[in-house]
Amino acid sequence: MDEAIRKRTQETAQKLFGKGVKMDPPYRMWKEFDRDLANDLSMFITGNLYSRTVLTLPERQMVACAMLAALGAEDELKLHVNAALNVGCDAKKLAETFFQLAPYGGMPKVNKALEVLRDVLKERGEWKRDT
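Residue numbering for the sequence shown follows my numbering, beginning at 8 and increasing consecutively.
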(Lines of atoms letter the chains of each structure in order from A and count residues from 1; the text may use other names and numbers.)
(Lines give C-alpha, C1' and ligand atoms only; values in the text may rest on other atoms or scores of the structure.)
Protein backbone atom coordinates (compact mmCIF):
# COMPACT_ATOMS: atom_id res chain seq x y z
CA MET A 1 0.00 0.00 0.00
CA ASP A 2 2.78 2.47 0.87
CA GLU A 3 4.38 1.95 -2.55
CA ALA A 4 1.09 2.72 -4.34
CA ILE A 5 0.64 5.91 -2.30
CA ARG A 6 4.27 6.89 -2.90
CA LYS A 7 3.80 6.43 -6.66
CA ARG A 8 0.53 8.43 -6.65
CA THR A 9 2.26 11.17 -4.64
CA GLN A 10 5.11 11.44 -7.14
CA GLU A 11 2.78 11.39 -10.16
CA THR A 12 0.46 14.03 -8.72
CA ALA A 13 3.38 16.24 -7.60
CA GLN A 14 4.86 16.04 -11.10
CA LYS A 15 1.55 17.16 -12.66
CA LEU A 16 1.22 20.03 -10.21
CA PHE A 17 4.77 21.26 -9.79
CA GLY A 18 6.75 19.77 -12.68
CA LYS A 19 6.80 22.83 -14.93
CA GLY A 20 6.31 26.56 -15.04
CA VAL A 21 7.64 28.84 -12.32
CA LYS A 22 10.56 27.25 -10.55
CA MET A 23 9.89 27.26 -6.81
CA ASP A 24 10.76 24.85 -4.09
CA PRO A 25 7.61 23.21 -2.79
CA PRO A 26 7.18 23.39 1.00
CA TYR A 27 8.00 19.67 1.15
CA ARG A 28 11.70 20.46 0.73
CA MET A 29 11.67 22.73 3.77
CA TRP A 30 9.67 20.22 5.82
CA LYS A 31 12.38 17.62 5.10
CA GLU A 32 15.02 19.89 6.62
CA PHE A 33 13.22 19.60 9.95
CA ASP A 34 11.77 16.08 9.89
CA ARG A 35 12.19 13.80 6.87
CA ASP A 36 9.71 11.16 8.07
CA LEU A 37 6.98 13.66 8.89
CA ALA A 38 7.61 15.45 5.58
CA ASN A 39 7.06 12.18 3.74
CA ASP A 40 3.89 11.45 5.72
CA LEU A 41 2.49 14.93 5.05
CA SER A 42 3.37 14.77 1.37
CA MET A 43 1.80 11.35 0.93
CA PHE A 44 -1.37 12.49 2.70
CA ILE A 45 -1.73 15.83 0.92
CA THR A 46 -0.49 14.97 -2.56
CA GLY A 47 -0.86 11.20 -2.63
CA ASN A 48 -4.22 10.83 -0.92
CA LEU A 49 -6.09 14.13 -0.90
CA TYR A 50 -5.06 15.63 -4.24
CA SER A 51 -5.41 12.32 -6.06
CA ARG A 52 -9.05 11.80 -5.04
CA THR A 53 -11.46 11.87 -7.98
CA VAL A 54 -14.52 13.59 -6.49
CA LEU A 55 -13.03 16.89 -7.69
CA THR A 56 -10.73 17.08 -10.69
CA LEU A 57 -7.19 18.26 -10.16
CA PRO A 58 -8.00 21.63 -11.80
CA GLU A 59 -11.04 22.04 -9.52
CA ARG A 60 -8.90 21.24 -6.47
CA GLN A 61 -6.37 23.84 -7.55
CA MET A 62 -9.08 26.48 -8.00
CA VAL A 63 -10.27 25.77 -4.44
CA ALA A 64 -6.70 25.85 -3.11
CA CYS A 65 -6.00 29.15 -4.87
CA ALA A 66 -9.20 30.71 -3.53
CA MET A 67 -8.39 29.63 0.02
CA LEU A 68 -4.77 30.74 -0.13
CA ALA A 69 -5.81 34.11 -1.57
CA ALA A 70 -8.39 34.56 1.19
CA LEU A 71 -5.75 33.72 3.79
CA GLY A 72 -3.23 36.09 2.22
CA ALA A 73 -0.69 33.28 1.90
CA GLU A 74 1.21 34.79 -1.03
CA ASP A 75 4.13 32.35 -1.31
CA GLU A 76 1.86 29.32 -1.25
CA LEU A 77 -0.56 31.08 -3.61
CA LYS A 78 2.24 31.59 -6.13
CA LEU A 79 3.09 27.89 -5.96
CA HIS A 80 -0.55 26.86 -6.41
CA VAL A 81 -1.36 29.39 -9.14
CA ASN A 82 1.51 27.88 -11.09
CA ALA A 83 0.23 24.38 -10.29
CA ALA A 84 -3.29 25.36 -11.35
CA LEU A 85 -1.99 26.54 -14.71
CA ASN A 86 0.05 23.33 -15.02
CA VAL A 87 -3.09 21.18 -14.72
CA GLY A 88 -5.14 23.23 -17.16
CA CYS A 89 -6.89 25.93 -15.15
CA ASP A 90 -7.75 28.92 -17.28
CA ALA A 91 -6.07 32.16 -16.18
CA LYS A 92 -9.31 34.12 -16.72
CA LYS A 93 -11.15 31.71 -14.41
CA LEU A 94 -8.43 32.09 -11.79
CA ALA A 95 -8.80 35.88 -12.03
CA GLU A 96 -12.57 35.53 -11.68
CA THR A 97 -12.07 33.31 -8.66
CA PHE A 98 -9.97 36.04 -7.08
CA PHE A 99 -12.54 38.74 -7.89
CA GLN A 100 -15.10 36.56 -6.08
CA LEU A 101 -13.12 37.19 -2.86
CA ALA A 102 -14.17 40.85 -2.78
CA PRO A 103 -17.28 40.53 -0.58
CA TYR A 104 -15.65 37.98 1.73
CA GLY A 105 -11.99 38.88 2.04
CA GLY A 106 -11.93 42.45 0.79
CA MET A 107 -10.26 44.18 -2.11
CA PRO A 108 -6.73 44.09 -0.66
CA LYS A 109 -6.84 40.28 -0.88
CA VAL A 110 -8.24 40.47 -4.42
CA ASN A 111 -5.51 42.89 -5.47
CA LYS A 112 -2.73 40.78 -4.00
CA ALA A 113 -4.08 37.56 -5.57
CA LEU A 114 -4.34 39.22 -8.99
CA GLU A 115 -0.80 40.53 -8.59
CA VAL A 116 0.43 37.00 -7.84
CA LEU A 117 -1.47 35.62 -10.85
CA ARG A 118 -0.02 38.32 -13.13
CA ASP A 119 3.51 37.71 -11.83
CA VAL A 120 3.24 33.95 -12.36
CA LEU A 121 1.86 34.43 -15.87
CA LYS A 122 4.73 36.83 -16.66
CA GLU A 123 7.32 34.36 -15.36
CA ARG A 124 5.76 31.62 -17.50
CA GLY A 125 5.73 33.93 -20.55
CA GLU A 126 1.92 33.70 -20.67
CA TRP A 127 0.85 37.20 -19.58
CA LYS A 128 -1.77 38.74 -21.86
CA ARG A 129 -3.06 42.07 -20.67
CA ASP A 130 -6.84 42.48 -21.06
CA THR A 131 -7.43 46.08 -22.09
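Virtual Cβ for every residue (Gly too), placed ideally from N, Cα, C.
Close-in-space but distant-in-sequence residues of the same chain around residue i (CB under 7 Å, 5 per side omitted)
i    : result
G79  : K116 and K119
L121 : A102 and F105
L75  : E83, L84 and H87
Alpha helix (DSSP H) segment containing residue i, residue limits
i    : result
K100 : A98 to F106
Nearest candidate by alpha-carbon position, reference residue i, set the options
i    : options                  : result
E18  : Y57, A45, D82 and L101   : Y57
L108 : A73, T16, Y34 and A90    : A73
L128 : G112, Y111 and A102      : A102
N55  : P110, D9, Y111 and G113  : D9
G27  : N93, D137, K135 and W134 : N93
K29  : K135, G112 and E130      : E130
Distance between residue j and residue i (C-alpha atoms, nearest Å)
i   : j    : result
A77 : K14  : 32 Å
F24 : P32  : 8 Å
P65 : R35  : 23 Å
C96 : F51  : 23 Å
R59 : G132 : 31 Å
T63 : V70  : 11 Å
A41 : D137 : First, the amino acid is wrong: residue 41 is Asp here, not Ala. If I take the Cα positions, the gap works out to 45 Å.
Q21 : E39  : 21 Å
Neighbourhood of residue i by C-beta distance below 8 Å, restricted to the same chain and skipping five residues each side
i    : result
W37  : L44, A45, L48 and S49
D126 : K85
L124 : V88, A98, L101, A102 and F105
Q68  : L23, H87, A90, A91, V94 and C96
I12  : M50, G54 and N55
3 or more residues per run - each beta strand (DSSP E) lying fully within the segment 50-135:
none
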